[in-house]
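Peer 1: Attaching a single structure in structure tokens format; questions to follow.
Protein chains: 2
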Amino acid sequence: MFDYQMHSRILVWMETAAEELRRSHQRDLKIEEKKNAADLVTEMDKATETFFVQKIREHYPEHQIIGEEGINDDPVTDVSGTVWVIDPIDGTLNFVKQKKNFGIMLAIFEDGLPKAGYIYDVMNHDLYYGIVGVGVFRNHQILEPFKIQAISEALIVGNIGMFATNRGNSLALLTQSLGARAYGAAALEIISVLKGEAAVYYSCGLQPWDFAAGWALCEALGFKATTPDNQTLNLLKRCPVVFGNPLVHAEALQLLKETKEIGEINENS
Amino acid sequence: MFDYQMHSRILVWMETAAEELRRSHQRDLKIEEKKNAADLVTEMDKATETFFVQKIREHYPEHQIIGEEGINDDPVTDVSGTVWVIDPIDGTLNFVKQKKNFGIMLAIFEDGLPKAGYIYDVMNHDLYYGIVGVGVFRNHQILEPFKIQAISEALIVGNIGMFATNRGNSLALLTQSLGARAYGAAALEIISVLKGEAAVYYSCGLQPWDFAAGWALCEALGFKATTPDNQTLNLLKRCPVVFGNPLVHAEALQLLKETKEIGEINENS
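The listed protein sequences derive, respectively, from chains A and B.
According to my numbering, the first sequence is numbered sequentially starting from 1.
According to my numbering, the second sequence is numbered sequentially starting from 270.
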């Protein structure tokens with residue numbers, strides 16, 4: 001039985017965190033580089049994750065927490081019990097350079113399996129959540145799964161660096177599709193798959209905080225979320241991921257397996 | 270002296286057309302393929318262009334009109350006098366598949382030179398216009414040009430097919446930047462350059478209706494809009510285009526000229 005009290009708390013925390021992020025655009029932010037100039041962390045990434053960690057510690061001290069910024073200093077080494085996974089700002093580069101096109105992602109797992117996922121498209125005031133066994137909601141309204149029948153009749157989403165180097169045989173997907181879109185935030189790209197704006201989301205390597213909420217939302221919508229080898233995702237490590245409805249997910253896995261000559265790439269791609 | 274009566278009329282026509290496009294999402298649309306399955310035209314592309322052509326004919330019968338859908342049956346072979354350039358729906362594939370991320374673009378030229386440009390981000394209710402010699406406005410508020418100093422500190426925008434095939438040496442730009450974003454509509458990508466969310470918009474081949482409004486808006490903002498060879502754009506033919514502020518535009522032209530080994534492509538690109 002899903003814990004609706006916990007769910008209600010999460011909704012309030014997400015709203016509070018989103019409002020703080022919107023307000024932070026009014027002032028100059030402290031920004032640091034992580035691995036390189038394109039991999040940024042701001043004071044708001046840290047403050048947002050700290051906020052969630054404190055709330056979880058207060059109400060659910062026995063739960064485990066995985067967060068992008070590592071605010072929780074109790075590393076998770078097994079996924080038994082309840083595990084929270086937090087990405088305080090997905091798309092930090094967009095947050096800094098565009099002041100839009102970023103998301104908050106949060107997910108709840110029980111013994112390694114997804115129970116609920118939350119993605120907040122902050123600047124559009126769009127909150128998506130999925131409860132496994134119940135459904136997916138956009139701003140509390142049920143989202144009907146839109147059944148795309150084939151990749152050839154649809155757009156796909158992923159990042160440009162991946163396509164530019166054909167990483168993970170990604171051009172096999174691109175050439176089969178009507179074209180790709182790249183928003184610079186997994187959060188927004190996953191939303192576009194849930195809404196049926198794109199058939200498939202593909203990435204060659206995502207951290208658990210990047211895929212956990214999407215995995216739970218896919219599960220709740222009856223979509224598939226696996227590695228390209230059709231393996232179950234693993235909360236404890238970086239994984240390549242394919243998200244989509246069962247039909248296009250199967251088609252994507254097949255396409256990614258085939259290494260053939262890449263066809264012509266449409267100019268509108 | 271700019272014709273503000275004409276400008277006011279255009280604002281009303283853009284609002285009317287945008288409202289019709291939003292309303293059209295409520296019903297099934299007739300959709301046809303042009304060159305291929307990714308190159309669509311809907312009844313709304315045609316209806317919107319027809320609407321503008323009729324209005325222009327009514328008020329300015331002596332003006333020339335270039336439109337994507339060729340509704341005006343009087344082909345333009347020289348650019349003397351006043352020429353209107355219309356893209357009734359830029360991003361038709363998004364319009365069909367996403368019901369968002371598309372724009373209306375319109376521009377006014379005098380003897381081949383831009384006088385005013387209009388881009389309507391329809392679903393976000395954001396109307397941008399630029400009057401050469403006056404400035405650029407977003408929903409009637411002046412837009413201050415945001416001076417990006419170098420491509421290395423910024424995002425760029427363009428289409429994924431171009432980067433995936435390194436068309437026009439585009440990877441030289443991508444690797445120098447913090448990453449690229451691709452929205453599937455020149456209209457939205459040009460807006461992101463005007464707003465300073467991205468440094469440079471690059472395309473290896475745009476039709477006049479795809480670049481005319483962006484050219485006029487760049488001119489009005491003090492930005493540069495040329496071919497990669499620094500040639501003036503030509504309303505009568507397909508051109509490769511580079512848009513950006515003078516600093517990053519010059520840097521982009523230099524980068525696109527150099528054919529060197531492509532550096533590492535960042536995973537966040």
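Beta carbons: idealized from backbone N, C-alpha and C, even for Gly.
Give the list of continuous beta strand (DSSP E) stretches no shorter than 3 residues that lie fully inside the region 201–254 of chain A.
Peer 2: You should have 224–226 and 239–244.
Peer 1: Along chain B, which residues have their Cβ under 8 Å away from the Cβ of residue 183 (chain A)?
Peer 2: Within chain B, the residues near residue 183 (chain A) are 450 and 452.
Peer 1: I'd like to know whether the C-beta of residue 112 (chain A) is nearer than 9 Å to at least one C-beta of chain B.
Peer 2: Closer than 9 Å: no.
Peer 1: By Cβ distance, which residues of its chain are closer than 6 Å to residue 200 (chain A), with the 5 residues on each side in sequence left out?
Peer 2: Closer than 6 Å at the Cβ level, and outside the excluded window around residue 200 (chain A), lie 156, 244, 248 and 252.
Peer 1: Pairing CB atoms from the region 157–169 of chain A with CB atoms from the region 83–95 of chain A, are three or more of them under 8 Å?
Peer 2: Short answer: they don't touch.
Peer 1: Against chain B, with Cβ distances strictly below 9 Å, would residue 187 (chain A) count as a contact?
Peer 2: No, residue 187 (chain A) lies away from the interface with chain B (no Cβ there is under 9 Å from its Cβ).
Peer 1: Could you name the residues of chain B that residue 258 (chain A) contacts, counting a contact when the two beta carbons are closer than 8 Å?
Peer 2: Chain B residues near residue 258 (chain A): none, gap ~17 Å exceeds 8 Å.
Peer 1: Is residue 112 (chain A) helix, strand or coil by DSSP?
Peer 2: Correct three-state label for residue 112 (chain A): coil.
Peer 1: Candidates B:444, B:390 and B:490: which alpha carbon is nearest residue 528 (chain B)'s?
Peer 2: Comparing Cα-Cα distances from residue 528 (chain B) to each of B:444, B:390 and B:490, the minimum goes to B:444.
Peer 1: Can you tell me whether residue 23 (chain A) is buried or exposed? The criterion is at least 16 other CB atoms within 10 Å of its CB, across all chains shown.
Peer 2: Result: exposed.
Peer 1: On the criterion of 16 or more Cβ atoms from any shown chain inside 10 Å, does residue 208 (chain A) qualify as buried, or is it exposed?
Peer 2: Burial call: buried.
Peer 1: Can you tell me the Cα-Cα spacing of residue 448 (chain B) and residue 161 (chain A), whole angstroms?
Peer 2: Cα to Cα, residue 448 (chain B) sits roughly 8 Å from residue 161 (chain A).
Peer 1: Hey, could you find the ends of the alpha helix (DSSP H) residue 457 (chain B) is sitting in?
Peer 2: That run of the alpha helix (DSSP H) goes 455–463.
Peer 1: Report yes if the CB atom of residue 381 (chain B) is closer than 9 Å to the CB atom of residue 456 (chain B), and no otherwise.
Peer 2: Not in contact: residue 381 (chain B) and residue 456 (chain B) (Cβ atoms no closer than 9 Å).
Peer 1: Inspect the CB distances between the region 357–375 of chain B and the region 386–395 of chain B and report whether three or more fall short of 8 Å.
Peer 2: Contact holds: three or more Cβ-Cβ distances are below 8 Å.
Peer 1: Can you say whether residue 214 (chain A) is buried or exposed, counting buried as having 16 or more other CB atoms within 10 angstroms of its CB?
Peer 2: Buried.
Peer 1: Kindly indicate if chain B contains any beta-carbon less than 9 Å away from that of residue 197 (chain A).
Peer 2: At least one chain B Cβ lies under 9 Å of residue 197 (chain A).
Peer 1: Would you mind giving the Cβ-Cβ distance between residue 294 (chain B) and residue 368 (chain B), rounded to the nearest angstrom? I have them listed as a contact below 8 Å.
Peer 2: That belief holds up - the Cβ atoms of residue 294 (chain B) and residue 368 (chain B) are roughly 5 Å apart, short of 8 Å.
Peer 1: Roughly how far, in whole angstroms, is the beta-carbon of residue 365 (chain B) from the beta-carbon of residue 383 (chain B), given that I think they are within contact range, below 8 Å?
Peer 2: Not really, about 30 Å apart at Cβ, beyond 8 Å.
Peer 1: Among A:246, A:177 and A:138, whose alpha-carbon lies nearest the alpha-carbon of residue 151 (chain A)?
Peer 2: Measuring from the Cα of residue 151 (chain A), the nearest candidate turns out to be A:177.
Peer 1: Return the residues of the region 154–170 of chain A that lie within a Cβ-Cβ distance of less than 9 Å from chain B, sorted by chain order.
Peer 2: Answer set for the region 154–170 of chain A: 154, 155, 158, 159, 160, 161, 162, 163, 164, 165, 166, 167 and 170.
Peer 1: Output needed for residue 50 (chain A): all residues of its chain with C-beta closer than 6 Å, excluding positions within five of it in sequence on either side, in chain order.
Peer 2: The residues are 71.
Peer 1: So for residue 436 (chain B), helix, strand or coil by DSSP?
Peer 2: Correct three-state label for residue 436 (chain B): helix.
Peer 1: Within 9 Å (strictly less), CB to CB, does residue 368 (chain B) reach chain A?
Peer 2: Yes, residue 368 (chain B) lies at the interface with chain A (some Cβ there is under 9 Å from its Cβ).
Peer 1: Mind pulling the chain A residues with CB within less than 9 Å of residue 362 (chain B)?
Peer 2: Those are 155, 178, 179 and 268, listed as they occur along chain A.
Peer 1: If we call anything under 9 Å between Cβ atoms a contact, is residue 67 (chain A) one with residue 185 (chain A)?
Peer 2: In this structure, residue 185 (chain A) does not lie closer than 9 Å to residue 67 (chain A) by Cβ.
Peer 1: With 7 Å as the C-beta to C-beta threshold (strictly closer), list the residues of the region 305–317 of chain B near chain A in chain order.
Peer 2: Flagged, chain order: 305, 306, 307 and 308.
Peer 1: Check distances from the C-beta atoms of the region 494–507 of chain B to those of chain C and list, in chain order, the residues that come in under 8 Å.
Peer 2: Among the protein chains of the structure shown, namely A and B, there is no chain C.
Peer 1: Could you work out which residues of chain B lie near residue 174 (chain A), taking near to mean beta carbons separated by less than 8 Å?
Peer 2: Here the neighbours are 429, 430 and 433.
Peer 1: Should residue 411 (chain B) be labelled buried (16 or more other beta-carbon atoms within 10 Å of its own) or exposed?
Peer 2: The residue is exposed, with fewer than 16 neighbouring Cβ atoms inside 10 Å.
Peer 1: In angstroms, rounded to a whole number, what distance separates the CA positions of residue 223 (chain A) and residue 246 (chain A)?
Peer 2: Approximately 6 Å, taken between the alpha carbons.
Peer 1: What does the Cβ neighbour count give for residue 347 (chain B), buried or exposed, with the cut at 16 atoms within 10 Å?
Peer 2: Answer is exposed; the Cβ neighbour count stays below 16.
Peer 1: So, is the C-beta of residue 293 (chain B) closer than 9 Å to a C-beta in chain A?
Peer 2: So, not an interface residue.
Peer 1: Would you tell me roughly how many angstroms separate the C-alpha atoms of residue 399 (chain B) and residue 39 (chain A), rounded to the nearest one?
Peer 2: Rounded to whole angstroms, residue 399 (chain B) to residue 39 (chain A) spans 34 Å at the Cα level.
Peer 1: Judging by CA-CA distance, which residue of B:281, B:306, B:519 and B:481 is the nearest neighbour of residue 417 (chain B)?
Peer 2: The shortest C-alpha separation from residue 417 (chain B) is found at B:519.
Peer 1: If we count the other Cβ atoms within 10 Å of its Cβ and call it buried at 16 or more, is residue 464 (chain B) buried or exposed?
Peer 2: Residue 464 (chain B) is buried by the Cβ-count criterion.
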